[in-house]
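Engineer:
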Amino acid sequence: MNKIYLVGFMGCGKSAVGRQLSYALRLPFYDMDKEIVKQQGMSIPEIFEKYGEEHFRNLETEFLKNFRDEACIISTGGGAAMRQENREIMRRTGLVFFLDAPFEDIYKRIKNDANRPIAQRSTKKELERLYYYRRKFYKRAAHIRVFTRNRNIRQIVNYIVFQVNRLKGE
Ligand code: S3P
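My numbering puts the sequence shown at residues 24 to 193.
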């Protein structure tokens, strides 16, 4: 096992959990969106605006294919687990955790975020539909599902650490 990937819908806590997990496991942490923004020298809304969503999706796949070969934690963008190719790369190169948060928690976190073009352009109903549509792909991508309802970040991190140690011993 090499990398640890966090997948799930926008606002499920992937980046916050990834940062804390990085301390707990003493592994470097990378936020895929931030890495793409750095590589491209453009914000995510700018990439969507200028080149379209499909281009951004290709950048995600390129990132997963080419990112450095080291043990690390990667929080993925909310759409990254939609492509079969991406799911295969993640499952092949690491352990994948799905942070499963209730829609209402997620909506509170993303509704006013100008840096998330999909949240910006969608109504609550549309986001809810997308949330339910995407769940099956997160489940398919993940080795382990983590329920986040009524759990704080520390509890979520402790649970992931427990699972990583358990699987390492296998
Ligand atoms: C997206 C989620 C975002 C970002 C982009 C598209 C999505 O990442 O990759 O705005 O399609 O769900 P977060 O999950 O970190 O918000």
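Yeah, the Cβ is synthetic: ideal placement off N, Cα and C, and Gly gets one too.
(1) So what does DSSP say about F185, is it helix, strand or coil?
(2) Could you name each continuous alpha helix (DSSP H) segment of 4 residues or more that falls completely within the region 91-176, going from the start of the chain to the end?
(3) Would the beta-carbon of D136 fall within 8 Å of that of G31?
(4) Is it buried or exposed for F170, if we count other Cβ within 10 angstroms and need 16 for buried?
(5) Taking F32 as part of the beta strand (DSSP E), name the residues at either end of that continuous run.
(6) Could you check which residue in P125, L190, K148, A103 has the C-alpha nearest to that of F79?
(7) For D92, verify whether its CB is less than 7 Å away from any heavy atom of the ligand S3P.
(8) Among I183, R152, A39, which has the Cα closest to the Cα of H166?
(9) Is L51 near the ligand S3P, in the sense that its beta carbon is under 7 Å from a heavy atom of that ligand?
(10) Report yes or no: do the region 145-159 and the region 51-58 share at least 3 C-beta pairs separated by less than 8 Å?
(11) Hey, could you find the ends of the alpha helix (DSSP H) L50 is sitting in?
(12) Is the Cβ-Cβ distance between I27 and P140 less than 8 Å?
(13) Per DSSP, which one or two residues make a beta bridge with D54?
(14) Taking the alpha helix (DSSP H) that N199 falls in, what are its first and last residues?
(15) Looking only at C-alpha atoms, which of Y154, M105, E85 sits nearest to D128?
(16) Give me the DSSP bridge partner(s) of K26.
Structural biologist: So, from the listed chains and residues:
(1) helix
(2) 107-116, 126-133, 140-144, 147-164
(3) No; because the gap between Cβ atoms is not below 8 Å, this pair is not in contact.
(4) exposed
(5) Taken as a continuous stretch (DSSP letters only), F32 belongs to no beta strand (DSSP E), as it is neither H nor E.
(6) Answer by Cα proximity: A103.
(7) no
(8) I183
(9) Residue 51 is actually Pro in this sequence, not Leu. Checking every heavy atom of the ligand S3P against the Cβ of P51, none is found closer than 7 Å.
(10) No contact exists between the region 145-159 and the region 51-58.
(11) From DSSP, L50 is part of no alpha helix (DSSP H); its letter is neither H nor E.
(12) The answer is no: Cβ separation not under 8 Å.
(13) S98
(14) Shown here, the chain extends from 24 to 193; a query on residue 199 therefore has no answer.
(15) Relative to the Cα of D128, the nearest Cα in the group Y154, M105, E85 belongs to Y154.
(16) G117
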